[in-house]
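Residue numbers for the sequence shown follow my numbering, so the first one is -18 and each next one is one higher. Ideal Cβ placement from N, Cα and C applies to all residues, glycine included. Notes follow once the structure below has been shown.
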Amino acid sequence: MTLSTREIIALGQKHLLGNVKRQPVVLVRGEGTKVWDIDGKEYLDFVAGIATCAFGHSPDFATRALTRQAETLWHVSNLYWNEPLVRLAELLTSVTGLSKAFFCNSGAEANEAAIKMARKHSQDRHGPGRFGIVTALNSFHGRTMGAISATGQVNLHQGFEPMLEGFSFVPFGDFEALREAVTEKVCAVMMEPIQGEGGIQVPPQDYFKKVSELCREKDVLLIFDEIQTGLGRTGRDFAFRHFETKPDLLTLGKALGCGYPIGLLLSAEEPSAALVPGSHSSTVGGAPLAMALSLELTSRILVPAFLDSVKNKGEHFLKSLNKLVVKYPNLVLEARGLGLMLGLLLSESAGPVSDDLRNKGFLVNATAGSVLRFVPPLNVSHTEIDLLLAALDKSLAEVYPAKC
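Right, dumping it as structure tokens:
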């Protein structure tokens, strides 16, 4: 017997932890940019698993890749080599110019590995005591103890103190504050090229070039967390390309598996030597099933014509969002972002607009309180973007009429 929406939610509330706030929707099927709930209602998905489902839902080629690998070998542990693992590492090191890869199960785990590598590299190079890591206020790096300690949102620390020692935070994009924070006790600077959970914050164009120069001057590692921005999301293969710099360590997740659990740390040659056998590992990291799927997905994302299409659609989307800034100046304060990672800053809470759009058949995420975040599948069409924009225009006027 099929359960109703109300029955499934009630059962979930009884048996699942209340650590996340779910929308009152039970999704049962997805195809491309669309999903359907248990009652048959159709939605255009502009959340995409929080910037994860780069090709939308249930793409045929991904299903075939999973099926092929599932028929031969699922998991062997990292005690043995497997071909998809090596081929994916070769692809991603060659395209980034970094040297070594470590695969795990999530973005947070990739950030944990980066934190450990940075500290171990510094100790090997300089001796103990130089373990500080500078990150940005409003950043988000994950929920594990290391990753949450690196996250510059104090409200996410509450109740879990003490955080790991050695993390300090500076305003995102403020180079002088960063310069002061990089003392002789610091081993790394860890940043998102664009802050996602922090409200789609884009730094000044020259910021990361100066950050990179400072890191070289102070002999500290530059870590880019591209778990949300990486692999096509911003219209380039990696967001660091926009800022004329290159990290020493790069973390990836989300689009790397398009919904299948996977994380990755990529490292330059020298710091990679810090993690020797026994120093760090992951039981199912690099498993053939995940590697074969990711190899198929990543190869398609990195096609130049596909990246150009993301860039063009993003420019059209941002231009249209800026028209809403002009149309509703008392409500819509700013449109920002790159590629298909865009945000609309409101003078009011974004949640009610997100709820109204859901009722209209569009899934949109509200983040940082007053920001609507748009991170659709990268293969979303111009027509689908325009449908969302028309619905958004109506929602703004209907939810906050006094501001319009």
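Indicate whether the contact test is met: 3 or more Cβ pairs, each with one atom in the region 203 to 221 and one in the region 320 to 329, closer than 8 Å.
yes
Are the Cβ atoms of ASP26 and LEU344 separated by less than 7 Å?
yes
In whole angstroms, what is the alpha-carbon distance linking GLY386 and GLU296?
With the chain covering -18 to 385 only, the question about residue 386 has no answer from this structure.
Quick check on this structure: which residue in LEU377, VAL265, ASN0, ALA169 has the alpha carbon closest to the alpha carbon of ASN311?
LEU377
Could you tell me which uninterrupted alpha helix (DSSP H) segments, each at least 4 residues in length, are contained entirely in the region 228 to 253, listed from first to last along the chain?
250 to 253
Expressed to the nearest angstrom, what Euclidean distance is found between the alpha-carbon atoms of CYS385 and GLY123?
37 Å
Would you check if the distance between the CB atom of ALA331 and the CB atom of ALA316 is smaller than 7 Å?
no
Delimiting residues of the alpha helix (DSSP H) encompassing PHE189
188 to 199
Cut-off 7 Å between Cβ atoms - residues of its own chain near VAL291, not counting five sequence neighbours on either side:
GLY213, GLY216, GLY320, LEU321, LEU359
Heavy atom of the ligand HEM within 6 Å of GLY78 beta-carbon
With respect to the ligand HEM, the structure shown offers nothing to examine, as it has no ligands at all.
According to DSSP, is HIS261 helix, strand or coil?
coil
For ARG317, does the three-state DSSP call read helix, strand or coil?
strand
In terms of alpha-carbon separation, which member of ARG100, VAL76, LEU370 lies closest to HIS261?
ARG100
Where HIS(-4) sits in the DSSP three-state scheme:
helix
Apart from the five residues just before and just after THR370, which ones in its own chain have a Cβ nearer than 7 Å to its Cβ?
In the sequence under discussion, the amino acid at residue 370 is Leu, which differs from the Thr named in the question. So the list reads SER301, once near-sequence residues are dropped.
Could you check where the beta strand (DSSP E) with MET322 kicks off and where it finishes?
322 to 327
State the Cα-Cα distance for the pair ARG339 and TYR24, rounded to the nearest angstrom.
8 Å
MET(-18): buried (16+ other C-beta within 10 angstroms of its C-beta) or exposed?
exposed
Tell me the DSSP bridge mates of THR116?
PHE150
Work out the CA separation of ALA372 and GLY458 for me, nearest whole Å.
Nothing in the structure corresponds to residue 458, since the chain is present only between -18 and 385.
Leaving out five residues on either side along the sequence, give the residues of the same chain with a beta carbon under 6 Å from the beta carbon of ALA46.
ALA273, LEU274, GLU277
Between ALA43 and PHE121, what straight-line distance do the alpha-carbon atoms span, to the nearest angstrom?
29 Å
At a cut of 8 Å, does the region 238 to 257 reach the region 51 to 66 through at least three beta carbon pairs?
no
Might you give, ordered along the chain, the residues of its own chain that have their beta carbon closer than 7 Å to the beta carbon of GLY78, omitting 5 neighbours on each side?
LYS227
Closest by CA to TYR61, which one among HIS(-4), ILE31, PRO269?
PRO269
Just the Cα atoms here: how many angstroms apart are LYS15 and HIS38?
7 Å
Secondary structure at LEU388, three-state DSSP: helix, strand or coil?
Past the boundaries of the shown model lies residue 388; the chain is included only from -18 to 385, so the question cannot be answered.
Can you name the start and end residues of the beta strand (DSSP E) that ARG167 belongs to?
Before going on, a small fix: residue 167 reads as Val here, not Arg. Note, VAL167: beta strand (DSSP E), 167 to 172.
Taking LYS384 as part of the alpha helix (DSSP H), name the residues at either end of that continuous run.
First-last for LYS384: undefined, no H or E at that position.
Should the region 233 to 252 be regarded as contacting the region 86 to 104, the criterion being three or more beta carbon pairs within less than 8 Å?
yes
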